[in-house]
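Mapping to numbering that gives the first Met the number 0: the sequence shown position 75 is 74, numbers consecutive.
Think of the CB as a built atom: it goes at the ideal place given N, C-alpha and C, for glycine as much as any other residue.
Predicted model only: the values in this text are computed from it and were never measured.
Structure first, commentary second.
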Amino acid sequence: MVESVHSASVINGNGGGNRFLRTSKVIEDGDNDSEEDLEDDTEDNSEDEERGLLDVLKNASLKNIDDLADDLSAIPGMAKCIKDETNETLKLIAALKWTPDDMALKLGIAEKKATMSKDVLKNDPDYLLWRHYSKFWDARRAKA
Numbered sequence: 000m001v002e003s004v005h006s007a008s009v010i011n012g013n014g015g016g017n018r019f020l021r022t023s024k025v026i027e028d029g030d031n032d033s034e035e036d037l038e039d040d041t042e043d044n045s046e047d048e049e050r051g052l053l054d055v056l057k058n059a060s061l062k063n064i065d066d067l068a069d070d071l072s073a074i075p076g077m078a079k080c081i082k083d084e085t086n087e088t089l090k091l092i093a094a095l096k097w098t099p100d101d102m103a104l105k106l107g108i109a110e111k112k113a114t115m116s117k118d119v120l121k122n123d124p125d126y127l128l129w130r131h132y133s134k135f136w137d138a139r140r141a142k143a
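Rendered as structure tokens:
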């Protein structure tokens with residue numbers, strides 16, 4: 000455990016010495032992490048990674064996203080993973096008791112179909128979500 004840093008020990012450093020001179024609180028040795036702390040760190044890191052990936056996708060150009068899609072399609076099992084994740088998301092929407100008609104009203108699908116061309120609709124995220132959810136809904140209803 001280090002309570003303070005002597006100025007003579009950091010003066011000949013690489014320019015980062017002032018940061019150490021301002022250290023006034025107790026610094027604990029990192030080797031004594033409990034398993035619970037390590038699990039928390041792992042969870043935090045994965046959330047940061049997820050947010051980082053979302054930021055990348057939000058700000059990426061369409062060409063970069065197409066390149067990423069090509070790269071992901073080359074990974075064995077990735078298509079199944081994405082399909083499974085999509086189905087889980089659609090199940091969550093179904094658990095909220097939303098029907099395709101409810102979703103169409105909420106997302107303004109009728110207006111979009113009336114005002115947008117088919118090419119534009121193919122790239123509209125709300126319309127695509129509604130189409131996928133409608134297919135998912137019909138398939139589940141057919142099984143029941």
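Is DSSP giving residue i helix, strand or coil here?
i: D66; result: helix
i: M77; result: helix
i: D137; result: helix
i: E72; result: Per the sequence shown, residue 72 should be read as Ser rather than Glu. Three-state result, S72: helix.
i: N58; result: helix
i: L106; result: helix
i: S101; result: The sequence shown places Asp at residue 101, not Ser. Reduced to three states, the DSSP call for D101 is helix.
i: D123; result: coil
Under 8 Å by Cβ, that's how I've got residue i and residue j pegged, so tell me the actual separation to the nearest angstrom.
i: Y132; j: K111; result: Y132 to K111, Cβ: 15 Å. No contact.
i: T98; j: W136; result: 7 Å
Have a look at residue i and residue j and give me their C-alpha separation to the nearest angstrom.
i: D100; j: A93; result: 12 Å
i: C80; j: M115; result: 32 Å
i: S60; j: L67; result: 11 Å
i: P75; j: D118; result: 31 Å
i: L128; j: A73; result: 25 Å
i: T85; j: L95; result: 16 Å
i: K62; j: A141; result: 38 Å
i: N58; j: N122; result: 17 Å
i: A103; j: D69; result: 31 Å
i: K90; j: I108; result: 21 Å
i: A113; j: D65; result: 29 Å
Does the CB of residue i have a neighbour CB from chain B at under 9 Å?
i: D65; result: Absent from the structure is chain B; it holds one protein chain and no more.
What I want to know is whether the C-beta of residue i ends up closer than 8 Å to one or more non-hydrogen atoms of the ligand GTP.
i: A109; result: Ligands in the displayed structure: none, and consequently the ligand GTP is not present.
Spatial neighbours of residue i within its chain, please: CB distance less than 8 Å, with the 5 preceding and 5 following residues excluded, ordered by chain position.
i: R139; result: A93
i: L71; result: M77 and I81
i: L106; result: D125, Y126, L128 and W129
Can you find the residues in the same chain that come closer than 6 Å, C-beta to C-beta, to residue i, ignoring five residues on each side of it along the sequence?
i: L120; result: Y126
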